[in-house]
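The block underneath contains the structure these notes are about, expressed in structure tokens.
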């Protein structure tokens, strides 16, 4: 296949993916705007502002007196500028500011979990595929099967009970030292570790039967070289494919983990705002998370297009 | 006389009567020794081979029975409070003990099974209907319609379903309806995609062409031939949708944004009792064990059902 044609189809594919990604975020914003309009209970219900003139001034200030279409366009404009409105409950705090404070915490936990998931998942998968001892294989496979059925919050509760309540080894609240990371990361990455190790194992057990591996072996290459240079390349594509869903999982999984371990991140704020019916914060965080996940999926897809020449573009 | 020959050091003789035609009565080459079985019976036999799968099925049956009859037969109700027996340990009167408000946990777990299984089955049914119709139409019409329909689905799918649930919660409040709508809004997509890909490949096959040639209408081809032939994939996808829906409900209720508190779902029970984890860990154990066992059973059944319904998968092993 000539590389020029390949490059031009790749370019077309990239443009198409970026456009659909943008459209998705646009639809999400529109949906959120529509929800904001139908939401029961406006900002004036709680504030007890009885003076009609005050209401008029506020409506003019927030463009609430304009037709819905104009409001929609203004809203789109402000979202594109990065302005997601102000919190009802925490007066004077903008949602953008809130995200600026919360996102780094969630991302840090997410990044640690991502690295742990991929690293540990690969390691366990390789061991399970190559180990000569059936007991090692069976225990890793069993762990992976259990890991896929157990909800993360259940594991988090169990870890809390064991390591914090019973043994008193690890702290429960916050995210200040490395010790604080152990339980949230373990709970968050358990499912991805199980998934990746299962995937790695099934790919590797198929690959090492192939002729080119036998060939490499008979050439006298060391096992380590064979696995690293030749066999593991086959695992790369499924793992990169899984990165997209995994990032979404880590983000939504953090809702419960951050709640349980009192970590001041996006997930906890989102849940607190739902319970406090703080609509602008909920909607703003939803747009942010949605856009982030769409962007991550886009990057993953483009990476896949580059890595895997067989991909349908 | 016969003909004698030697092979491998032995002598064999071929007698003349060996070459006579068989009497009519002995002709039984058409006889079918194997009893003929329907496809479902075949699948059941393959399914039965796995003891764990049968065990899962029995467990699920017991849970369903408890969910239906348990709350009716129990002397307590799920919200009946008794402050004299708060946080009791398991006993003959209170099989699983009582919670912080003196409510019988066993009754609450059974009531929770109603909500969880109800949501699971309802979500699976709704997904089945929407998914099959959408996927079937998209795959059957193909071309530009298919492309547009699938792009819409891709867009919906790009955003995690939990965010939809949260948006719906915000509008309709935390109740069963919002949980169910939220779960369904994104999870039918999996079903639609599977049905579409099945229909897309099946419609090119000879039997579909034959039906067309014989003058079958489009509706009949789609329903009787294409959808019916995708039934395997549809059933398997459905069995995995039930545990997913149960999990989502438990997750949301555990976060405190799902089923509201006086009602007892497994998730709300876990959420309520999690603050007592250092004094009464057993109270957290019951709902979590219920979730785990149900999820395991359903996942396992789905897994084995997939193998049992696909005879090709079993040729080798």
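Protein chains in written order, with this note's numbering: chain Y, 1 to 313; chain P, 314 to 630. Ideal placement from N, C-alpha and C gives every residue a C-beta, glycine not left out.
Residue-level contact to chain Y via CB, residue i, 8 Å cutoff
i	result
residue 467 of chain P	yes
residue 577 of chain P	no
residue 428 of chain P	no
residue 479 of chain P	yes
residue 557 of chain P	no
residue 560 of chain P	yes
residue 440 of chain P	no
residue 601 of chain P	yes
residue 628 of chain P	Interpretation of residue 628 of chain P is limited by its pLDDT of 45, a score under 50 that renders its predicted location unreliable; the figure taken from the coordinates is listed afterwards. So, not an interface residue.
residue 475 of chain P	yes
residue 609 of chain P	yes
residue 432 of chain P	no
residue 507 of chain P	no
residue 604 of chain P	yes
C-beta neighbour in chain P for residue i, strict 8 Å
i	result
residue 161 of chain Y	yes
residue 313 of chain Y	Only weak support exists for where residue 313 of chain Y lies, its pLDDT of 45 falling under 50; the value from the coordinates is given anyway. Output row for residue 313 of chain Y: interface = no.
residue 1 of chain Y	With a pLDDT of 49 at residue 1 of chain Y, under the threshold of 50, the predicted position of this residue should be treated as unreliable, though the coordinate-derived value follows. With 8 Å as the cut-off, residue 1 of chain Y does not count as an interface residue toward chain P.
residue 150 of chain Y	yes
residue 256 of chain Y	yes
residue 239 of chain Y	no
residue 248 of chain Y	yes
residue 194 of chain Y	no
residue 279 of chain Y	yes
residue 259 of chain Y	yes
residue 185 of chain Y	no
residue 173 of chain Y	no
residue 271 of chain Y	yes
residue 205 of chain Y	no
residue 35 of chain Y	yes
residue 225 of chain Y	no
residue 252 of chain Y	yes
Amino acids of chain P, ordered along the chain, whose beta-carbon sits closer than 8 Å to that of residue i
i	result
residue 275 of chain Y	569, 570
residue 38 of chain Y	484
Interface partners of residue i on chain P, CB under 7 Å
i	result
residue 134 of chain Y	Neighbours of residue 134 of chain Y on chain P: none; closest Cβ ~17 Å, over 7 Å.
residue 153 of chain Y	564, 567
residue 297 of chain Y	471
residue 282 of chain Y	479, 483
Chain-order list of residues whose beta-carbon lies under 6 Å from that of residue i (same chain, five-residue window excluded)
i	result
residue 494 of chain P	481
residue 513 of chain P	452
residue 198 of chain Y	144
residue 148 of chain Y	194
residue 189 of chain Y	113, 116, 117
residue 301 of chain Y	17
Residues near residue i by beta carbon distance below 8 Å, same chain, minus five either side
i	result
residue 525 of chain P	534
residue 551 of chain P	437, 440, 441, 504
residue 330 of chain P	none
residue 21 of chain Y	294, 295, 297, 298
Chain Y residues whose Cβ lies nearer than 7 Å to that of residue i
i	result
residue 594 of chain P	161
residue 612 of chain P	149
residue 597 of chain P	157
residue 497 of chain P	Under the 7 Å cutoff, chain Y gives no residues; its nearest Cβ is about 16 Å from residue 497 of chain P.
8 Å Cβ cut-off: residues of chain Y touching residue i
i	result
residue 472 of chain P	24, 28, 290, 293, 294
Contact set for residue i: own chain, Cβ-Cβ below 7 Å, skip 5 residues either direction
i	result
residue 540 of chain P	445, 449
residue 567 of chain P	580, 583, 584
residue 261 of chain Y	172, 173, 183, 184
residue 363 of chain P	617
residue 508 of chain P	444, 445, 448, 449, 452, 543, 547
Contact set between residue i and chain Y, taken where Cβ atoms lie within less than 9 Å
i	result
residue 464 of chain P	20, 23
Partners in chain B for residue i, counting only beta-carbon separations shorter than 7 Å
i	result
residue 286 of chain Y	Here the protein chains are Y and P, and chain B is not one of them.
At 3 residues or longer, and completely inside the region 50-114 of chain Y: list those beta strand (DSSP E) runs for me, N to C.
Those beta strand (DSSP E) runs which fall completely within the region 50-114 of chain Y and span 3+ residues do not exist here.
Do the region 231-240 of chain Y and the region 117-125 of chain Y touch if we need at least three Cβ pairs shorter than 8 Å?
Yes, the region 231-240 of chain Y is in contact with the region 117-125 of chain Y.
Three or more C-beta pairs closer than 8 Å, one from the region 460-475 of chain P and one from the region 523-536 of chain P: is that the case here?
Not touching, per the Cβ criterion.
May I ask you to verify whether the region 233-252 of chain Y touches the region 109-119 of chain Y, counting CB pairs closer than 8 Å and requiring at least 3?
A contact exists between the region 233-252 of chain Y and the region 109-119 of chain Y.
Within the region 216-271 of chain Y, ranges of the alpha helix (DSSP H) (whole runs, at least 4 residues):
Within the region 216-271 of chain Y, the complete alpha helix (DSSP H) runs of at least 4 residues are 233-260.
Is it a yes or a no for the region 274-282 of chain Y touching the region 453-463 of chain P, going by three-plus beta-carbon pairs under 8 Å?
No contact exists between the region 274-282 of chain Y and the region 453-463 of chain P.
Could I get the ranges of all uninterrupted alpha helix (DSSP H) runs contained in the region 562-629 of chain P, with 4 residues as the minimum, in chain order?
For the region 562-629 of chain P, whole alpha helix (DSSP H) runs of length 4 or above, ordered along the chain, are 579-586, 594-622.
Tell me whether the region 490-508 of chain P and the region 556-567 of chain P touch, counting them as touching only if at least three CB pairs, one residue from each stretch, are closer than 8 Å.
Two segments are said to touch when three or more pairs of C-beta atoms, one from each, lie closer than 8 Å; by this definition the region 490-508 of chain P touches the region 556-567 of chain P.
Go through the region 443-500 of chain P residue by residue and report every complete run of the alpha helix (DSSP H) that reaches 4 residues or more, in order.
Contiguous alpha helix (DSSP H) elements confined to the region 443-500 of chain P occur at 456-471, 474-485, taking only those with 4 or more residues.
Taking contact to mean at least 3 C-beta pairs separated by less than 8 Å, is the region 590-607 of chain P in contact with the region 442-449 of chain P?
They do not touch, by the three-pair rule.
Does the region 578-589 of chain P come into contact with the region 499-508 of chain P, if we say contact requires no fewer than three beta-carbon pairs (one atom in each stretch) closer than 8 Å?
In short, these stretches do not touch, since the Cβ pair count stays below three.
At least 3 beta-carbon pairs within less than 8 Å: the region 279-293 of chain Y vs the region 213-231 of chain Y
Judged by pairs of C-beta atoms under 8 Å, the region 279-293 of chain Y does not touch the region 213-231 of chain Y, as fewer than three such pairs exist.
Under 8 Å, with one C-beta from each stretch per pair, do the region 283-296 of chain Y and the region 146-161 of chain Y reach the 3-pair mark?
These segments do not touch.
Would you check if there are 3 or more beta carbon pairs closer than 8 Å linking the region 150-157 of chain Y to the region 603-613 of chain P?
Taking 8 Å as the limit for Cβ pairs, the verdict is that the region 603-613 of chain P does touch the region 150-157 of chain Y.
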